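Shown next, in structure tokens, is the structure this report addresses.
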Amino acid sequence: MWSQLADDLFLWRDCCNVYAIRRSDEAVLVDSGTGAVADHLEAIGVRRVAHVLHTHHHRDQCQGSLRLHAAGTALWAPANFADVLEHPHAYKTQCLWYEPIPVDRVLPLSETVFWRGIALTPYAQPGHTRYAACIAFSVDGKRCLAIGDQFVHNYVYANQFALGDYPATVELWRRLAPDRILPGHGPAEDGPAAIARFAAHAQETDDLHARLLPLHEVDLGAGGQAAELYPYHAFPAPGGTVHLRVTARNPLPRDAETRVRLALPNGWRAEPGEAAIAVAARGTGTVTFRLTVGGKAARRARYAVELTVDGRPFGQVEEGFVTVQE
Ligand SMILES: [Zn+2]
Numbered sequence: 002m003w004s005q006l007a008d009d010l011f012l013w014r015d016c017c018n019v020y021a022i023r024r025s026d027e028a029v030l031v032d033s034g035t036g037a038v039a040d041h042l043e044a045i046g047v048r049r050v051a052h053v054l055h056t057h058h059h060r061d062q063c064q065g066s067l068r069l070h071a072a073g074t075a076l077w078a079p080a081n082f083a084d085v086l087e088h089p090h091a092y093k094t095q096c097l098w099y100e101p102i103p104v105d106r107v108l109p110l111s112e113t114v115f116w117r118g119i120a121l122t123p124y125a126q127p128g129h130t131r132y133a134a135c136i137a138f139s140v141d142g143k144r145c146l147a148i149g150d151q152f153v154h155n156y157v158y159a160n161q162f163a164l165g166d167y168p169a170t171v172e173l174w175r176r177l178a179p180d181r182i183l184p185g186h187g188p189a190e191d192g193p194a195a196i197a198r199f200a201a202h203a204q205e206t207d208d209l210h211a212r213l214l215p216l217h218e219v220d221l222g223a224g225g226q227a228a229e230l231y232p233y234h235a236f237p238a239p240g241g242t243v244h245l246r247v248t249a250r251n252p253l254p255r256d257a258e259t260r261v262r263l264a265l266p267n268g269w270r271a272e273p274g275e276a277a278i279a280v281a282a283r284g285t286g287t288v289t290f291r292l293t294v295g296g297k298a299a300r301r302a303r304y305a306v307e308l309t310v311d312g313r314p315f316g317q318v319e320e321g322f323v324t325v326q327e
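Here's what the structure looks like:
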């Protein structure tokens, strides 16, 4: 059912909130839910959905976009997660939709795009997930901010939540000063009140982690992830190769040589056999491998990333998957 939030702003409640910004008989949607919104456009006088903008890659927000896309709607996504939508298997993160979702236009962060005179600006908003943006726009003289699922206590380690994300969100929201906050679930809220409530918990979230984790000795961030792979799941032909990027973390409070090695199934090989880079204290560095897989088909064959920092072995800190095609 639709709720009318302003003359030209509507909310469709689905598996997530879908917001429709209307101009004449066209609309832009923020997120798409299941896509059922497409069956109810007439009720708000909309003939066609021109674009969908996404707040993040979670399946409750974006699964319906494939249906809208098939009907001629262009899909827009902020630059910090467009690739997640298009290559979901390449990412180790939660709540992915299993099919690739095409992105017709990648929106640079903090840059304004216009649709029928309405300014729409995506800003990076990591926290609930690293791959998220809030979307700022004005409708009927009110500043609105669609925040996806960036709620208090809704941070998720497996979505690459990082310390500092929540305080940065408070800073961003205060700067944008929306009259109205449009969440991905639940009712629309008064901007200043929602920001004050979020701010009351943002720093506390970081402070609790800092008290619980041995960050001064071994800083693996809030989620404890020491290495990340791209692609996380690859699909080469038998005997084929995968160009693998490993982002390794130096968790120590000093600059250090960081060594990465792949532990592979029998008959596979990696070039180089081991990679070493200098990584700043508590920083990350990226190394690449050319991985050559075996000649037999395999489904979700597993390998591991071994990490050694400043001579200190951290063991197998990450796993990746390869499906060798038939
Ligand atoms: Zn979400």
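Here the sequence shown stands for residues 2 to 327, where the numbers follow our numbering.
C-beta: ideal position from N, C-alpha, C; glycine also.
Note that the structure is a prediction, hence the values are computed from the model and not measured.
Checklist entry - Nearest-angstrom Cα distance between Ala328 and Leu265? => result In the structure displayed, the chain extends from 2 to 327; residue 328 sits before or after that span and is not available.
Item to check | Own chain, CB closer than 8 Å to Arg181, minus 5 neighbours either side, in chain order | outcome: Residue 181 sits at position 180 when you count from the first residue of the sequence shown. Hits under 8 Å: Leu6, Lys143, Arg144, Cys145, Leu146, Ala189, Glu190, Asp191 and Gly192.
Next on the checklist: At a cut-off of 7 Å, would you count Gln126 as near ligand 1, judging by its Cβ distance to the nearest heavy atom?
Outcome noted: Your numbering for residue 126 matches position 125 in the sequence shown. No - ligand 1 has no heavy atom lying nearer than 7 Å to the Cβ of Gln126.
Next on the checklist: Given 7 Å as the limit, tell me if Cys96 has its C-beta closer than that to any heavy atom belonging to ligand 1.
Outcome noted: Here residue 96 is taken as the residue at index 95 of the sequence shown, counted from 1. Yes; taking the cut-off as 7 Å, the Cβ of Cys96 has a heavy atom of ligand 1 nearer than that.
Checklist entry - Going by alpha carbons, who is nearest to Leu54 out of Met2, Ala282 and Leu121? => result For the purposes of this step, residue 54 is identified with residue 53 of the sequence shown, where counting begins at 1. Per the Cα distances, Leu121.
Next on the checklist: Do Ile148 and Leu110 have their beta-carbon atoms positioned less than 8 Å apart in this structure?
Outcome noted: Taking the sequence shown and counting its residues from 1, the one referred to as residue 110 is at position 109. Taking the sequence shown and counting its residues from 1, the one referred to as residue 148 is at position 147. Taking 8 Å as the Cβ cut-off, Leu110 and Ile148 do not qualify as a contacting pair.
Checklist entry - Among the residues of its own chain, which have a CB less than 6 Å from the CB of Phe82, if the five just before and after it don't count? => result Position 81 of the sequence shown, counted from the first residue, corresponds to residue 82. Around Phe82: His58 and Tyr132.
Checklist entry - So, are the CB atoms of Leu177 and Ala137 less than 8 Å apart? => result Position 176 of the sequence shown, counting from 1, holds the residue named residue 177. Position 136 of the sequence shown, counting from 1, holds the residue named residue 137. Yes, Cβ-Cβ distance for Leu177 and Ala137 is below 8 Å.
Item to check | Segment limits, alpha helix (DSSP H) that includes Cys63 | outcome: Here residue 63 is taken as the residue at index 62 of the sequence shown, counted from 1. Looking at the DSSP string, the run of the alpha helix (DSSP H) that includes Cys63 is Arg60 to Cys63.
Checklist entry - Under the DSSP definition of a beta bridge, which residues are partnered with Gln5? => result In the sequence shown, the residue the question calls residue 5 occupies position 4. Partner(s): Phe11.
Checklist entry - Taking three-plus beta-carbon pairs below 8 Å as touching, is the segment 203–213 in contact with the segment 37–55? => result no
Checklist entry - Where Glu229 and Ser25 are concerned, what is the direct C-alpha to C-alpha distance, given to the nearest angstrom? => result Translated into the one-based positions of the sequence shown, residue 229 becomes position 228. Translated into the one-based positions of the sequence shown, residue 25 becomes position 24. Distance between the alpha carbons of Glu229 and Ser25 is about 46 Å.
Item to check | Range of the contiguous alpha helix (DSSP H) that encloses Glu205 | outcome: If you number the sequence shown from 1, residue 205 lands on position 204. First-last of the alpha helix (DSSP H) with Glu205: Gly192 to Leu213.
Item to check | Completely contained beta strand (DSSP E) runs for the segment 106–186, where each covers 3 or more residues | outcome: 106–108, 114–116, 119–125, 134–140, 143–149 and 181–184
Next on the checklist: Comparing C-alpha positions only, which one of Trp269, Leu108 and Arg313 sits nearest to Ala388?
Outcome noted: Here the chain has residues from 2 to 327 only, and residue 388 is not among them.
Next on the checklist: If I measure Cβ to Cβ from Lys93 and keep anything under 6 Å in the same chain, skipping five residues before and after, which residues do I get?
Outcome noted: Taking the sequence shown and counting its residues from 1, the one referred to as residue 93 is at position 92. Here the set comprises Tyr233.
Checklist entry - Going by the beta-carbon positions, is the gap between Gly379 and Asp166 smaller than 8 Å? => result Only positions 2 to 327 of the chain appear in the structure, and residue 379 is not among them; the question remains open.
Checklist entry - How about Val261 and Ala276: are their beta carbons less than 8 Å apart? => result Within the sequence shown, numbered from 1, the residue matching residue 261 stands at position 260. Within the sequence shown, numbered from 1, the residue matching residue 276 stands at position 275. Yes, these two residues count as a Cβ contact at 8 Å.
Checklist entry - Just checking my contact of Ala249 with Gly286 at CB under 8 Å: how many whole Å lie between their CB atoms? => result Counted from its first residue, the sequence shown places residue 249 at position 248. Counted from its first residue, the sequence shown places residue 286 at position 285. With 8 Å as the limit, Ala249 and Gly286 qualify as a contact, their Cβ atoms being about 6 Å apart.
Checklist entry - Beta carbon of Thr285: closer than 7 Å to some heavy atom of ligand 1? => result The sequence position of residue 285 within the sequence shown is 284, counting from 1. For ligand 1, not one heavy atom lies less than 7 Å from the Cβ of Thr285.
Next on the checklist: Tell me which residue opens and which closes the beta strand (DSSP E) that Val323 is part of.
Outcome noted: Position 322 of the sequence shown holds residue 323. Here the beta strand (DSSP E) through Val323 covers Arg313 to Val325.
Next on the checklist: Would Thr206 and Tyr156 qualify as a contact pair, given that the criterion is a beta-carbon distance under 8 Å?
Outcome noted: As a first step, residue 206 must be located in the sequence shown, where it is residue number 205. As a first step, residue 156 must be located in the sequence shown, where it is residue number 155. Cβ distance < 8 Å, so Thr206 and Tyr156 count as in contact.
Checklist entry - Leaving out five residues before and five after Ile22 in sequence, what residues of the same chain have Cβ atoms less than 7 Å from its Cβ? => result Taking the sequence shown and counting its residues from 1, the one referred to as residue 22 is at position 21. Answer for Ile22: Asp9, Leu10, Ala28, Val29, Ile119, Phe138 and Val140, listed in chain order.
Checklist entry - Where DSSP assigns a beta bridge to His57, which residues make up the other side? => result Your numbering for residue 57 matches position 56 in the sequence shown. In the DSSP output, where bridge partners are listed per residue, His57 has Ala133.
Checklist entry - Ends of the beta strand (DSSP E) at His262? => result For this step, residue 262 is matched to residue 261 along the sequence shown. This sequence places Arg at residue 262; His is not what is there. Per DSSP, Arg262 belongs to the beta strand (DSSP E) from Ala257 to Ala264.
Checklist entry - Which two residues bound the contiguous alpha helix (DSSP H) that contains Leu336? => result Lying outside 2 to 327, the shown extent of the chain, residue 336 is not represented and no answer is given.
Item to check | Coil, strand or helix - Leu76 by DSSP | outcome: Locating residue 76 in the sequence shown gives position 75, counting from the first residue. Leu76: strand per DSSP, three-state reduction.
Next on the checklist: Please report the distance separating the alpha-carbon of Arg246 from that of Trp3.
Outcome noted: On the sequence shown, position 245 is the one that residue 246 refers to. On the sequence shown, position 2 is the one that residue 3 refers to. Distance between the alpha carbons of Arg246 and Trp3: 45 Å.
Checklist entry - With burial defined as no fewer than 16 other Cβ atoms inside 10 Å of the residue's Cβ, what is the status of Glu319: buried or exposed? => result Here residue 319 is taken as the residue at index 318 of the sequence shown, counted from 1. So Glu319 ends up on the buried side.
Checklist entry - For Pro215, which of His186, Leu253, Phe199 and Tyr231 has the nearest alpha-carbon? => result For the purposes of this step, residue 215 is taken as residue 214 along the sequence shown, with counting starting at 1. Ranking the options by Cα distance to Pro215, first place goes to Leu253.
Checklist entry - Cβ of Gly185 within 8 Å of Cβ of Cys17? => result If you number the sequence shown from 1, residue 185 lands on position 184. If you number the sequence shown from 1, residue 17 lands on position 16. A contact, by the Cβ cut-off of 8 Å.
Checklist entry - For Ala39, which option in Asp61, Trp116 and Leu67 has the closest C-alpha, if you only look at C-alpha atoms? => result Residue mapping note: residue 39 aligns to position 38 of the sequence shown, counting from 1. Comparing Cα positions, the closest option is Leu67.
Checklist entry - Quick one: what's got a C-beta closer than 7 Å to Asp15's C-beta in the same chain, skipping five residues either side? => result Locating residue 15 in the sequence shown gives position 14, where the first residue counts as 1. Cβ within range, chain order: Gly34, Thr35, Ala37 and Val38.
Checklist entry - From the DSSP output, which residues share a beta bridge with Leu216? => result Translated into the one-based positions of the sequence shown, residue 216 becomes position 215. According to DSSP, which records beta bridges pairwise, Leu216 is partnered with nothing at all.
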